[in-house]
Amino acid sequence: MGTGRLYAAVAVRAFRRYATYRVATAAGVFTNTVFGLILAYTYIALWDEKPHLGGYDQAQALTYVWLAQGLHAAVAAMGGGFEDELIERIRTGDIAIDLYRPADLQAWWLATDVGRAAFQLVGRGVVPMAFGALVFELALPADPATWLAFLVAVALGVAVSFAIRYIVAMMTFWFLDGAGVQQLATLVGIFFSGMLLPLNIFPGALGELGRVLPWSALIQAPADVLLGERTGSGLLSTYAFQAAWAVGLLAVGRLVQLAATRRVVVQGG
Amino acid sequence: MDTELDAETDSASDREFIRLDRVEKVFDVRKKTGFLRSERHEVRAVDSISFTVPRGEMVGYIGPNGAGKSTTIKMLTGILTPSGGRLRVAGIDPSRERTRLARRIGVVFGQRTTLWWDLPLIDSYRLMHRMYRIPDARYRENLDRCVELLELGPLLDVPVRQLSLGQRMRGDIAAALLHDPEVLYLDEPTIGLDVISKVKVREFLRDLNAERSTTVLLTTHDLSDIEQLCRRVMVIDHGRLVYDGPLSGLHEIGAGERTLVVDLERELPPIDVDLARVVKVEGPRQWLAFPASDSAAPLVARIAAEYPLVDLSVREPDIEAVISRMYAEKATS
Ligand SMILES: Nc1ncnc2c1ncn2[C@@H]1O[C@H](COP(=O)(O)OP(=O)(O)OP(=O)(O)O)[C@@H](O)[C@H]1O
Ligand SMILES: [Mg+2]
Numbered sequence: 008m009g010t011g012r013l014y015a016a017v018a019v020r021a022f023r024r025y026a027t028y029r030v031a032t033a034a035g036v037f038t039n040t041v042f043g044l045i046l047a048y049t050y051i052a053l054w055d056e057k058p059h060l061g062g063y064d065q066a067q068a069l070t071y072v073w074l075a076q077g078l079h080a081a082v083a084a085m086g087g088g089f090e091d092e093l094i095e096r097i098r099t100g101d102i103a104i105d106l107y108r109p110a111d112l113q114a115w116w117l118a119t120d121v122g123r124a125a126f127q128l129v130g131r132g133v134v135p136m137a138f139g140a141l142v143f144e145l146a147l148p149a150d151p152a153t154w155l156a157f158l159v160a161v162a163l164g165v166a167v168s169f170a171i172r173y174i175v176a177m178m179t180f181w182f183l184d185g186a187g188v189q190q191l192a193t194l195v196g197i198f199f200s201g202m203l204l205p206l207n208i209f210p211g212a213l214g215e216l217g218r219v220l221p222w223s224a225l226i227q228a229p230a231d232v233l234l235g236e237r238t239g240s241g242l243l244s245t246y247a248f249q250a251a252w253a254v255g256l257l258a259v260g261r262l263v264q265l266a267a268t269r270r271v272v273v274q275g276g
Numbered sequence: 027m028d029t030e031l032d033a034e035t036d037s038a039s040d041r042e043f044i045r046l047d048r049v050e051k052v053f054d055v056r057k058k059t060g061f062l063r064s065e066r067h068e069v070r071a072v073d074s075i076s077f078t079v080p081r082g083e084m085v086g087y088i089g090p091n092g093a094g095k096s097t098t099i100k101m102l103t104g105i106l107t108p109s110g111g112r113l114r115v116a117g118i119d120p121s122r123e124r125t126r127l128a129r130r131i132g133v134v135f136g137q138r139t140t141l142w143w144d145l146p147l148i149d150s151y152r153l154m155h156r157m158y159r160i161p162d163a164r165y166r167e168n169l170d171r172c173v174e175l176l177e178l179g180p181l182l183d184v185p186v187r188q189l190s191l192g193q194r195m196r197g198d199i200a201a202a203l204l205h206d207p208e209v210l211y212l213d214e215p216t217i218g219l220d221v222i223s224k225v226k227v228r229e230f231l232r233d234l235n236a237e238r239s240t241t242v243l244l245t246t247h248d249l250s251d252i253e254q255l256c257r258r259v260m261v262i263d264h265g266r267l268v269y270d271g272p273l274s275g276l277h278e279i280g281a282g283e284r285t286l287v288v289d290l291e292r293e294l295p296p297i298d299v300d301l302a303r304v305v306k307v308e309g310p311r312q313w314l315a316f317p318a319s320d321s322a323a324p325l326v327a328r329i330a331a332e333y334p335l336v337d338l339s340v341r342e343p344d345i346e347a348v349i350s351r352m353y354a355e356k357a358t359s
């Protein structure tokens, strides 16, 4: 119980901290909105050419655009968030301080990331979504239960995203210059999360692959839930898919952390 | 019967509250020697060190840069695993049970901070409160005490990144003590502090050790910290323990020689006299070491007769000189 309160406090602190980055939030919202517009018109051209591409009608496709723009910050589809901070701490050796605390390293950073995601879901999500809904005709659900189901999928997506970024950050223990690993992970994340294009529209093996990789839990899965493509057992299997990746990758992260701290070489005096 | 046994083992563990047996830490360092090519070599940061510290003692742990002090402390906290040897703190193997030990130790790394940069000082303490699960009353009491003695009152609402180095350090020391640690590791806790802050910190540590018999292991490059706080001092160099004993013993080792500092009219080659040897030359100034038991008078007379002497002074061995001589001897031997 006591530990729960600690991690709750950590999450609240992260939420508040991101709330103070007003300029960054505004700039992010602006960028996402502009980018959303560009993507929206690209999608319109695409769907005019091929209606029902990937099983979506045009309204669903446009909803997807704005959803992805509103959601990608929260699920950190392009990396960043706690990851940069953790990498920096490993690089400078400040990680030593985190390690002698009686707190679990992974749980600590997960709490931080949950706080950040909660803020960015609201701070970075609402405006692009509202803008999109005003300017275009979107296929947003009226049923609050669908929105609730969507939020659950987002939460699971955040967990998967965290688990991936945690492993990436841990790599810094081996490659002190972790920039390469991080850039690769970011590229893969942008593509396979479905942030730019829904994974549904990719034919054949590439689409198959994209749909089973963990990144699809970040944007594709919550989007399908919001668009009403997943109900009943479909919804449950989407959750199961996300949860399985979350649990599996968190476990991998834990093992990597164990290996890292075993042979840990804490930098500096 | 059982209780008697417990008491016995208890007092044994008190006598060896910290215990190191031939502890080693070897770093594998890779040096790039070309594209995709690198050379490996070993750095023996800690090389077979053994010592024990009884509960409640305050020990100085000193040595030159790169001697292995911080590495030792990191092993004592459990964040580094020794490459060899055996290490116990309060009966616990630190690297195996890091989290369990964490509740019983406090650490201050002078060059880093445990506080959160973006939070007001008090918020860091609140997080510690939760993290160490400190009972509320205890937390209040410890916080009040630290705030009073370390004069943190006006700083509590200031974000840590706005604190000066000395203020931050006092904040860090308080943070390390809120959970009543049984042992406190201080790695250069007075680095960068002004004289007044140093005095304050020392007083605080002395009281802490006296009133709560907290065991303290103190690393510093400021020997007056040691002189004022520690009866026992350990000197480490190149990863090896080269002295372990009372501070006074260190004086005695060095008391063998005194130093005569002479200013000549101009820069000259080292003075050549059989009564003393030149240990340092800096422009027209030269330092000569001579046996402490000898009188300085004949030496001075000789130099005055043979060299253009302008000024002179005799220096008694101070601990700093003693230690730098110990280091130097080690390096040349
Ligand atoms: N992560 C590391 N990788 C490789 N070598 C290291 C590492 N950490 C320390 N060393 C080496 O181990 C030796 C001891 O370092 P340590 O930091 O313990 O010295 P120290 O006694 O604390 O010195 P200082 O007084 O400068 O703080 C040094 O030679 C250092 O270069
Ligand atoms: Mg050091």
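The listed protein sequences correspond, in order, to chains A and B. The numbers in the numbering used here rise by one with no breaks, and the one at position 89 of the first sequence is 96. The numbers in the numbering used here rise by one with no breaks, and the one at position 114 of the second sequence is 140. Heads up, the beta-carbon is just placed ideally off N, CA and C, and yes, glycines get one too. Predicted model only: the values in this text are computed from it and were never measured.
7 Å Cβ cutoff, residue i in contact with chain B
| i | result |
| --- | --- |
| A/Asp91 | no |
| A/Gly231 | Rather than Gly, the amino acid found at residue 231 of chain A in this sequence is Asp. Closer than 7 Å: no. |
| A/Arg23 | no |
| A/Met8 | Reliability of the predicted coordinates at A/Met8 is poor, the pLDDT of 49 falling under 50, and no value is obtained from them. |
| A/Ile4 | An answer regarding residue 4 of chain A cannot be provided, because it is not within the stretch 8 to 276 covered by chain A. |
| A/Ala110 | yes |
| A/Ala118 | no |
| A/Leu13 | yes |
| A/Tyr50 | no |
Cβ pair residue i, residue j closer than 7 Å
| i | j | result |
| --- | --- | --- |
| B/Ala327 | B/Leu314 | no |
| A/Phe180 | A/Ile97 | yes |
| B/Ser223 | B/Gly192 | yes |
| A/Thr119 | A/Phe89 | yes |
| A/Leu163 | A/Ala75 | no |
| B/Tyr211 | B/Val259 | no |
| B/Ile252 | B/Gly89 | no |
| B/Ile148 | B/Leu189 | no |
| A/Tyr71 | A/Ala228 | no |
| A/Ile226 | A/Leu78 | yes |
| B/Val69 | B/Phe43 | no |
| A/Trp73 | A/Gly35 | no |
| A/Ala84 | A/Ser240 | no |
| A/Tyr50 | A/Ala31 | no |
| B/Cys172 | B/Ala202 | no |
Buried or exposed by the 16-neighbour rule on C-beta atoms within 10 Å, applied to residue i
| i | result |
| --- | --- |
| B/Phe135 | buried |
| A/Arg20 | buried |
| A/Pro221 | buried |
| A/Thr268 | buried |
| A/Leu204 | buried |
| B/Val186 | buried |
| B/Asp263 | buried |
| B/Asn91 | exposed |
| B/Asp32 | Caution applies to B/Asp32, whose pLDDT of 49 falls short of 50 and renders its modelled position unreliable; the model cannot decide the point. |
| B/His205 | buried |
| B/Thr29 | Residue confidence for B/Thr29 is low, a pLDDT of 46 falling below 50, so the modelled location carries little weight; the figure read from the coordinates is stated next. Exposed, because fewer than 16 other Cβ atoms sit within 10 Å of the Cβ of B/Thr29. |
| A/Phe182 | exposed |
| A/Thr99 | exposed |
| B/Glu83 | buried |
| B/Ser96 | buried |
| B/Val221 | exposed |
Heavy atom of ligand 2 within 6 Å of residue i beta-carbon
| i | result |
| --- | --- |
| B/Lys95 | yes |
Near ligand 1: residue i beta-carbon under 6 Å from a heavy atom
| i | result |
| --- | --- |
| B/Gly92 | yes |
| A/Phe126 | no |
| A/Ala212 | no |
| B/Val69 | yes |
| A/Val175 | no |
| B/Val55 | yes |
Identity of the residues DSSP links to residue i by a beta bridge
| i | result |
| --- | --- |
| A/Met136 | In the DSSP output, where bridge partners are listed per residue, A/Met136 has none listed. |
| B/Tyr87 | B/Thr245, B/Met260 |
| B/Asp289 | B/Arg311, B/Asp337 |
Any chain A beta carbon closer than 7 Å to residue i
| i | result |
| --- | --- |
| B/Ile199 | no |
| B/Ala128 | yes |
| B/Arg156 | yes |
| B/Ile105 | yes |
| B/Arg166 | no |
| B/Arg138 | yes |
| B/Thr125 | yes |
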